[in-house]
Amino acid sequence: MNSPADKIKQLAQPVLRIGFVDRFLHDRSFADLVTLCLGAFGNLVFVVFDAVLWWMNPSPWNGAMTIYFAALMVMGSLVAASTGSNGKLSWRTAAAACGVTLIALAIIVAVVMYLGIVNGYVDPPHEFLVIGVAAFTFYNAIVAIITAAKTRKGDLRQQTLLRVSIASAIGALLILEMQMFGTYAAIADPMATVIIEAISGGVGALLMLLMGCSLLRKLHIERSRSA
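The opening position of the sequence shown corresponds to residue 1 in the working numbering, with each subsequent residue numbered one higher.
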């Protein structure tokens, strides 16, 4: 008697036979490039979104998040340049650049989040924007999950790509939070809003700082082994 897992595999066979899906599952470099493209699209959406908000309502928060996602796009490009047999850039150089950039972005997020809390800043209210940001936040989270599922523990290049994807998801979540507070601030407790912003911003900045430091540490260990 077939188990539920066997039945699921049988149902999935037509999908697994599709050329794109089969190559994604078995060609690691191709899978890296696909996830990079998916992540780049999500980052581009947030670059445009924050740039428009920055133009409509100049603030340190919108300006910083525009730079944040633009930096993630650059990081993704560095990883892409070091991906596959046709890579033009050393993956160690890409990992080092991404590690330093993650640390810098963590500091920027912490400072700007602090300024936003002190000045009582929230994004302009608009329920349509909340829905759109929520959709692309979910999109970025799915890309991060797919990347994590394809990442091998000892592969520093894939570890770098995973950190870029997680940083995208963190930034998207912070933007969603600011949009929700801006739209529903009238029914929220101001003190609770400040506390939640402080906790989420601090946790997000800390995670990015840890990811950047751990990436540089892994790179140092890798270089020591190959020396």
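By construction, the Cβ of each residue, glycine as well, lies at the ideal position given by its N, Cα and C atoms.
So, using beta-carbon positions, are residue i and residue j closer together than 9 Å?
i	j	result
Arg163	Leu78	no
Met65	Gly171	yes
Gly99	Leu215	yes
Met228	Leu33	With the chain running from 1 to 227 in the structure shown, residue 228 is simply not present.
Leu161	Thr137	no
Ala148	Ala104	no
Ala96	Leu207	no
Just to confirm the assignment, what range does the alpha helix (DSSP H) spanning residue i have?
i	result
Ser77	60–81
Report all residues from its chain with a CB closer than 7 Å to the CB of residue i; omit the five preceding and five following residues, and keep chain order.
i	result
Met180	Val130
Ala51	Thr66
Ala134	Leu176
Phe69	Asn43, Phe46, Val47, Asp50, Gly171
Lys218	Leu156, Gln159
Arg152	Gln158
Kindly list the residues whose CB is nearer than 6 Å to the CB of residue i, restricted to its own chain and excluding five residues on each side of it in sequence; keep chain order.
i	result
Gly76	Leu36, Gly39, Ala40, Val164
Arg157	Trp91
Met113	Gly201
Leu53	Asn62
Ala94	Leu78, Val79, Ser82
Ile166	Ala144
Ala110	Ala205
Met211	Leu102, Arg163
Ala169	Asn140, Ala141, Ala144
Leu115	Pro60
Gly132	none
For residue i, collect the residues of the same chain with a Cβ closer than 8 Å to its Cβ; drop the 5 residues on either side in sequence, then sort them by chain order.
i	result
Glu222	Arg92, Leu156
Cys213	Gly99, Ile103
Cβ pair count under 8 Å reaching 3, the region 138–157 against the region 56–71: no
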